[in-house]
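Student: When you line the sequence shown up against UniProt numbering, it's residues 1 to 137, in that order.
The beta carbon of each residue, even a glycine, is placed where N, CA and C say it ideally should be.
There's a structure below that I have some questions on.
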Amino acid sequence: MILTETDDLAACHALRRAVFIEEQGIAEAEEWDDLDGQAVHLLAVEGAAPLGTARLFVEGTEGRIGRVCVAKPARGTGLGAALIRAGVARLAAAGCTRILLGAQCYAIPFYEKLGFTAFGPEYDDAGIPHREMERRL
Numbered sequence: 001m002i003l004t005e006t007d008d009l010a011a012c013h014a015l016r017r018a019v020f021i022e023e024q025g026i027a028e029a030e031e032w033d034d035l036d037g038q039a040v041h042l043l044a045v046e047g048a049a050p051l052g053t054a055r056l057f058v059e060g061t062e063g064r065i066g067r068v069c070v071a072k073p074a075r076g077t078g079l080g081a082a083l084i085r086a087g088v089a090r091l092a093a094a095g096c097t098r099i100l101l102g103a104q105c106y107a108i109p110f111y112e113k114l115g116f117t118a119f120g121p122e123y124d125d126a127g128i129p130h131r132e133m134e135r136r137l
């Protein structure tokens, strides 16, 4: 499996469509925004098959990881953790000292194992309960 930065937004969008829109029922209008052009995108592929993606933002010394998703066949393989670790490394290399993400509440334990801490109240994002999480570097 190869996990790299990519400009292949079609592959990233296909994964996000499959996971967020088709599986989780998020409305297209809520999934697609005008931020993809400003983000660094990570993509994991096996052969020609895209298996996971995440997008990263840098604002000063803060970074944000978002739109993290893994295709069904690759779940439970450690790919999600690899995407987060790669995102943390990329943001650290960009000078970030604090990394934020909005976690679906069921996934909080996953992110805690990767060094993130939840803070603030639960909030609704596209009909799914979320909490903000941070990791200080």
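Quick one: what's residue 3 bridged to in DSSP?
Tutor: According to DSSP, which records beta bridges pairwise, residue 3 is partnered with 44.
Student: State the DSSP-derived secondary structure class of residue 26, mapped to helix, strand or coil.
Tutor: Three-state result, residue 26: coil.
Student: By how many angstroms is the C-alpha of residue 52 removed from the C-alpha of residue 4?
Tutor: One C-alpha to the other measures close to 11 Å.
Student: Take residue 69 as the anchor and find which of 59, 61, 63 and 45 has the nearest alpha-carbon.
Tutor: Taking only the C-alpha atoms, the option nearest residue 69 is 45.
Student: Between the beta-carbon of residue 96 and the beta-carbon of residue 130, is there less than 8 Å?
Tutor: No.
Student: Please specify which runs of the alpha helix (DSSP H), each continuous and at least 4 residues long, are wholly inside the UniProt domain "N-acetyltransferase" (1-137), giving them in chain order.
Tutor: Counting whole runs of 4 or more residues, the UniProt domain "N-acetyltransferase" (1-137) contains the alpha helix (DSSP H) stretches 9-16, 28-31, 79-93 and 108-112.
Student: Counting C-beta neighbours from all protein chains within 10 Å, is the total for residue 11 16 or more, i.e. buried, or is it exposed?
Tutor: The residue is buried, with at least 16 neighbouring Cβ atoms inside 10 Å.
Student: Report yes if the CB atom of residue 39 is closer than 8 Å to the CB atom of residue 16, and no otherwise.
Tutor: Not closer than 8 Å, so no.
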